[in-house]
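Here's the structure we're looking at; comments come further down.
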Ligand code: SF4
Ligand code: SF4
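In the working numbering, the protein residues as written are 15 to 237.
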């Protein structure tokens with residue numbers, strides 16, 4: 015899921031002031047931002063109270079089911095058409111993808127209410143960790159299912175680096191070195207003998223913007 019954190023409130027106020035917005039509609043997200051406790055109903059109502067305390071009128075609010083889904087967000091926007099029309103701006107408590115979806119769905123100026131920080135694994139309720147940077151050239155087949163690109167702070171494919179000490183990471187000193195973990199798991203699975211030095215990754219596969227069109231039978235997706 016996409017992990018978000020609250021955006022600096024002063025910056026949000028500056029964004030609204032930059033267009034002289036006095037009234038605001040708030041859109042949250044029922045998926046990742048709800049799980050991350052940044053853009054669910056509770057946080058939307060907190061933003062509403064904060065906006066009102068700052069002297070803004072809140073014309074309405076909604077929590078989209080999946081705010082990055084264009085069709086669903088257009089539908090949600092139509093349900094709240096009058097409230098959105100009455101607003102000078104829309105504040106979106108969702109990831110950057112959700113903000114852009116809302117910006118495509120409504121005609122009003124749209125501002126982000128959150129910062130998008132990483133694609134996160136849910137370790138347990140309220141605990142998220144970054145495990146994949148979506149590099150487009152996965153090496154998990156060779157690294158026993160542990161991503162060195164993401165979980166080694168230096169992104170080293172082959173390690174450990176010279177700073178590893180007693181099995182622990184030089185940078186994140188409370189964590190075991192990624193490459194120690196990889197080598198141990200490979201050994202435990204009897205794969206160590208077949209593991210070699212990983213070749214340089216092909217970062218050309220990570221073209222931006224990514225695009226996949228399952229309806230396009232001739233291909234042509236990026237990357
Ligand atoms: S190598 Fe790491 S960053 Fe790349 S796709 Fe695999 S898990 Fe994700
Ligand atoms: S100690 Fe290991 S995980 Fe930490 S930066 Fe060096 S190679 Fe990466």
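For each residue, glycine too, the CB sits at the ideal point set by N, CA and C.
Reduced DSSP category for residue i - H, G, I as helix; E, B as strand; rest coil
i	result
residue 199	helix
residue 77	strand
residue 37	strand
residue 58	helix
residue 71	strand
residue 25	helix
residue 310	Lying outside 15 to 237, the shown extent of the chain, residue 310 is not represented and no answer is given.
residue 205	coil
residue 114	helix
residue 170	coil
residue 216	coil
residue 153	coil
residue 50	coil
residue 158	coil
residue 210	coil
Test item: CB-CB of residue i and residue j under 7 Å
i	j	result
residue 219	residue 155	no
residue 162	residue 208	no
residue 186	residue 158	no
residue 35	residue 102	yes
residue 67	residue 90	no
residue 164	residue 145	yes
residue 170	residue 212	no
residue 119	residue 73	no
residue 111	residue 53	no
Residue nearest to residue i in terms of C-alpha spacing, selected from the options
i	options	result
residue 49	70, 206, 18 and 64	18
residue 46	31, 95, 105 and 140	140
residue 44	31, 226, 171 and 81	81
residue 198	213, 181, 110 and 214	181
residue 31	96, 112 and 123	123
residue 221	16, 149, 203 and 23	149
residue 210	227, 173 and 189	173
residue 33	147, 125, 175 and 61	125
residue 16	206, 64, 147 and 223	147
residue 190	138, 160 and 63	160
Residues bridged to residue i (per DSSP)
i	result
residue 105	40 and 125
residue 182	179 and 190
residue 18	130
residue 144	134
Under 8 Å, with one C-beta from each stretch per pair, do the stretch 130-149 and the stretch 36-44 reach the 3-pair mark?
no
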